[in-house]
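Numbering (this note's numbering), first residue to last: 2 to 984.
Structure, as structure tokens:
Here it is in structure tokens:
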């Protein structure tokens with residue numbers, strides 16, 4: 002910064018030094034006459050030439066409004082340089098006096114017109130007729146006064162002494178008259194650097210004023226008669242030329258723009274400076290001085306002086322009249338604008354206040370009555386801080402001090418910049434005794450502050466409500482998951498700062514068991530009321546420092562912090578469970594739900610370096626796992642999290658991923674186990690069973706895979722793959738080459754699926770598309786339900802089975818005798834057959850109890866009009882026992898294990914398996930006719946041959962369930978004989 006300032010001021014110092022050196026040399030006579038003449042002629046010519054070149058170069062390089070003016074200044078200086086050069090030629094080269102009619106005189110004469118034109122170009126032009134009139138009057142006042150004084154001092158004697166030609170008289174008077182006109186323009190006109198370089202214009206005006214002043218002195222007869230080149234008068238011309246040469250390159254500076262408040266940032270009216278306002282009166286004083294000079298000198302009053310003085314007086318009177326009218330117009334405009342701004346301030350809904358440096362209010366707008374409920378007149382004279390809430394006073398003072406410091410810094414760095422403002426929010430006391438939230442825009446006003454305030458109480462309350470809603474449940478007003486997580490992270494962070502030795506932290510996840518049934522039966526409005534009552538019970542059961550939150554639906558959570566051990570937390574969880582399990586009275590009806598609760602404790606061994614975000618997420622996942630373990634173990638209980646739950650989850654996740662990869666990459670293959678008729682030994686069907694190809698090429702039963710395939714997207718993909726592969730293999734067996742007379746008939750293929758998979762979206766479409774695209778007859782596909790499943794899915798399962806039967810697909814229930822399911826649900830399901838689970842078959846030959854249970858199940862199936870079968874038949878004595886009990890079909894290693902495709906085709910070609918001789922009489926009822934009888938119908942439209950008498954009134958008689966039809970082969974087959982191979 003210092004170097005920049007030095008680079009700007011150095012040319013000025015050099016210029017001043019040159020002028021002082023020239024003045025000193027001129028005062029000393031330059032030491033010799035020759036040098037004095039040389040410096041007086043060629044020195045001035047060089048200075049004028051420098052000014053000419055400087056102005057011409059600047060005028061050629063810069064554009065805009067000022068370009069013609071600088072070119073004209075350059076030409077005028079060039080005329081001066083030519084005149085001085087010509088003068089020096091005569092005095093130093095030709096060594097004669099300058100002729101009276103030489104070119105130098107005409108060159109000097111051209112200086113003034115060119116400079117006058119340049120000045121007129123730079124001047125600011127008035128915008129109104131009154132402005133032009135004032136400009137002309139001011140110009141004549143200055144010019145007439147100077148002319149009067151000049152005529153009295155010198156011009157009159159010059160004009161009286163010239164008795165030669167009129168041209169000589171005109172030339173002698175032209176110099177002073179043009180100089181007077183140039184001085185009048187420089188003094189009377191207003192100049193502004195519209196290109197931003199005001200310093201250049203002002204320096205040029207000073208240079209011209211210095212030059213004209215020297216010309217005026219040279220006009221005096223006394224000085225002109227004794228003048229010789231190189232004397233002190235030349236120092237003035239030299240300084241004027243150097244100033245003009247330096248003017249275009251002078252440092253730029255901007256004066257702060259004074260704006261009218263209503264102008265929107267644009268200049269509205271320039272305020273006259275003291276100098277421009279006093280110029281006409283100073284000119285009149287000069288004119289008066291000229292008249293007094295003649296009167297006091299005892300000279301007769303010259304007619305020229307009298308005429309000029311009269312015109313100056315008349316112009317002054319007219320100027321005063323114009324100024325008076327202008328002042329009246331300004332007063333009216335000011336009054337109008339004052340009324341306009343006053344109406345704006347008084348009509349504004351914002352409160353406008355002006356406070357002094359000591360905080361005392363000097364003005365309060367009338368809006369304070371409507372906003373604050375206070376009389377503005379009573380507020381005036383009081384201190385602003387008395388209205389501010391005591392808790393906000395310190396913050397308000399700090400904001401104001403910070404704003405004032407920023408204003409001072411900005412003013413110091415960039416003076417004349419835009420006015421800064423600041424926003425301050427605080428609470429203001431209202432007339433009703435309430436605290437209003439007020440937002441004020443603070444700006445400078447003279448020595449105080451201007452405050453534009455508005456009431457934002459509603460906005461602040463709305464923001465607070467929105468913030469509350471963002472972190473609270475809208476139904477129960479409990480904290481939501483976001484706020485619960487935030488508080489849990491804060492508690493973990495505080496414990497981490499204490500090195501893990503602080504209070505214990507426990508997270509409880511709660512889920513209402515049976516809430517969906519309440520919603521379905523009583524309606525959502527009753528369910529919402531139950532949730533509200535449950536939230537109140539939870540809040541009343543926990544301590545005041547604990548947090549109870551609702552995550553959504555019927556899921557709640559509790560954060561327990563403090564010096565509580567695991568036993569105390571378990572007791573608290575048990576109290577919560579009992580509180581939630583109490584009956585609910587809503588709308589005069591008693592409702593009941595239970596609660597499953599999972600507990601996870603924060604591990605203090607994580608240390609202070611643990612990330613609270615990661616620790617909070619892990620703690621919530623652990624509590625969630627414990628809660629779902631409580632639901633899976635029977636609901637209505639409290640379960641503590643153990644690391645084994647996490648390991649089990651990770652194991653299931655890994656298994657699902659491996660299952661998904663095996664399906665995608667062809668890791669499974671399909672085997673088929675024959676289903677044999679127990680009366681004839683004929684193969685009446687096959688069951689498709691999946692096997693996993695291990696890395697060594699072995700085919701293993703994916704027991705763990707099948708258990709994990711009951712849930713998730715991988716399970717759905719596996720089920721679709723199983724259906725598509727089974728249908729495709731069945732179609733290939735139907736289209737084998739070489740089929741003809743004596744070839745075995747196609748047998749149905751069975752696919753076993755869980756209840757969840759049968760009820761999943763898209764399975765019905767998969768079966769329908771597989772039958773449509775492959776061309777397999779629908780009666781050759783059997784869908785088995787793997788056990789009954791929960792009663793809650795019985796209705797949906799019935800609809801899905803009815804839809805499948807509508808396609809012509811047979812439906813069976815496999816694995817009956819193991820797992821859950823009620824007899825009522827069994828009676829409602831549209832089933833064609835019933836298959837005994839292997840647990841009822843394995844002890845059939847030795848245990849009388851197993852024989853009795855199996856007999857009752859088979860009799861139940863026959864009474865319901867279903868075909869019967871058994872799976873897991875591995876021993877001949879089991880075959881004999883099933884024959885005695887009247888079981889229709891069986892599958893197991895007693896006949897054949899699951900076979901690959903070549904061995905299956907050979908088994909089908911044999912058409913049957915040998916049966917052991919029955920130990921007693923065989924019952925007359927059989928589930929299926931022997932395959933050798935060839936009584937099967939292709940249309941699957943005949944009734945069951947083993948249907949009990951009187952089945953015509955079967956309880957499936959609802960219109961939405963199709964009538965039972967006979968099938969020729971139930972699917973069957975065990976899963977889970979081998980363990981899962983290593984990954």
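All C-beta atoms, glycine included, are put in the ideal place defined by N, C-alpha and C.
{"Check": "Tell me whether the beta-carbon of residue 88 lies closer than 8 Å to the beta-carbon of residue 105.", "Outcome": "yes"}
{"Check": "Using only alpha-carbon positions, find the residue among 788, 765 and 844 that is nearest to residue 806.", "Outcome": "765"}
{"Check": "How close, in whole Å, do the beta carbons of residue 876 and residue 849 come, if the pair is a contact with beta carbons under 8 Å?", "Outcome": "Contact flag wrong, Cβ pair sits at about 17 Å."}
{"Check": "Go to residue 614, then tell me how far its alpha helix (DSSP H) extends in each direction, as first and last residue.", "Outcome": "613-633"}
{"Check": "Thinking just about the alpha-carbon of each residue, which of 865, 834 and 811 is nearest to the one in residue 986?", "Outcome": "This structure gives no information on residue 986, because the portion of the chain shown stretches from 2 to 984."}
{"Check": "How close, in whole Å, do the beta carbons of residue 352 and residue 381 come, if the pair is a contact with beta carbons under 8 Å?", "Outcome": "Contact flag wrong, Cβ pair sits at about 13 Å."}
{"Check": "When DSSP labels each residue in this structure, what does residue 914 get in the three-state scheme?", "Outcome": "coil"}
{"Check": "Relative to the alpha-carbon of residue 1054, which residue among 731, 816, 665 and 800 has its alpha-carbon at the smallest distance?", "Outcome": "This structure cannot speak to residue 1054, because the chain is shown only from 2 to 984."}
{"Check": "By a C-beta neighbour count over all protein chains shown, 10 Å radius and 16 as the cutoff for buried, is residue 678 buried or exposed?", "Outcome": "buried"}
{"Check": "Which of the three DSSP states, helix, strand or coil, is assigned to residue 646?", "Outcome": "helix"}
{"Check": "Within 8 Å (strictly less), CB to CB, does residue 855 reach chain C?", "Outcome": "Of the protein chains in the structure, only one exists, and it is not chain C."}
{"Check": "Relative to the C-alpha of residue 82, which candidate in 107, 633 and 100 has its C-alpha closest?", "Outcome": "107"}
{"Check": "Return the first residue and the last residue of the beta strand (DSSP E) that residue 441 is part of.", "Outcome": "436-446"}
{"Check": "Assuming residue 72 contacts residue 57 under a Cβ cut-off of 8 Å, what Cβ separation, rounded to an integer in Å, is found between them?", "Outcome": "6 Å"}
{"Check": "Out of 404, 43 and 60, which has the shortest C-alpha to C-alpha gap to residue 235?", "Outcome": "43"}
{"Check": "Rounded to whole angstroms, what's the CA-CA distance from residue 630 to residue 431? Just pull it up for me.", "Outcome": "59 Å"}
{"Check": "Entirely within the region 555-596 and at least 4 residues each: give me those alpha helix (DSSP H) ranges in chain order.", "Outcome": "567-582"}
{"Check": "Please confirm if the region 509-516 is in contact with the region 586-606, defined as three or more CB-CB distances below 8 Å between the two stretches.", "Outcome": "yes"}
{"Check": "For the region 610-620 and the region 559-572, state whether three or more C-beta atom pairs, one from each stretch, are separated by less than 8 Å.", "Outcome": "no"}
{"Check": "Going by beta-carbon coordinates alone, are residue 365 and residue 397 separated by less than 8 Å?", "Outcome": "no"}
{"Check": "Judging by CA-CA distance, which residue of 796, 750 and 841 is the nearest neighbour of residue 823?", "Outcome": "796"}
{"Check": "Leaving out five residues on either side along the sequence, give the residues of the same chain with a beta carbon under 8 Å from the beta carbon of residue 801.", "Outcome": "759, 760, 764 and 765"}
{"Check": "Pick helix, strand or coil for residue 812, following the three-state DSSP scheme.", "Outcome": "strand"}
{"Check": "Between the alpha carbons of residue 543 and residue 656, how many angstroms are there, rounded?", "Outcome": "40 Å"}
{"Check": "Please give me, in chain order, every unbroken run of the alpha helix (DSSP H) with length at least 4 that falls completely inside the region 329-372.", "Outcome": "368-372"}
{"Check": "Quick one: Cα of residue 412 to Cα of residue 14, how far?", "Outcome": "29 Å"}
{"Check": "Could you give the first and the last residue of the continuous beta strand (DSSP E) run that contains residue 673?", "Outcome": "669-678"}
{"Check": "Could you tell me the alpha carbon to alpha carbon distance between residue 900 and residue 785, rounded to whole angstroms?", "Outcome": "19 Å"}
{"Check": "Short check: CB of residue 989 to CB of residue 756, under 8 Å?", "Outcome": "Residue 989 lies beyond the stretch modelled for the chain, which goes from 2 to 984, so this question has no answer here."}
{"Check": "Check the DSSP bridge columns for residue 461 and list the partner residues they point to.", "Outcome": "Partner(s): none; residue 461 has no beta bridge."}
{"Check": "Can you tell me which of the three DSSP states residue 685 falls into?", "Outcome": "strand"}
{"Check": "For residue 889 versus residue 868, is the C-beta spacing smaller than 8 Å?", "Outcome": "yes"}
{"Check": "Can you tell which of 536, 592 and 775 has the C-alpha that lies nearest to the C-alpha of residue 728?", "Outcome": "775"}
{"Check": "Relative to the C-alpha of residue 367, which candidate in 427, 455 and 437 has its C-alpha closest?", "Outcome": "455"}
{"Check": "Under 8 Å between the Cβ atoms of residue 557 and residue 568?", "Outcome": "no"}
{"Check": "In or out: residue 773 buried (at least 16 other Cβ within 10 Å) or exposed?", "Outcome": "exposed"}
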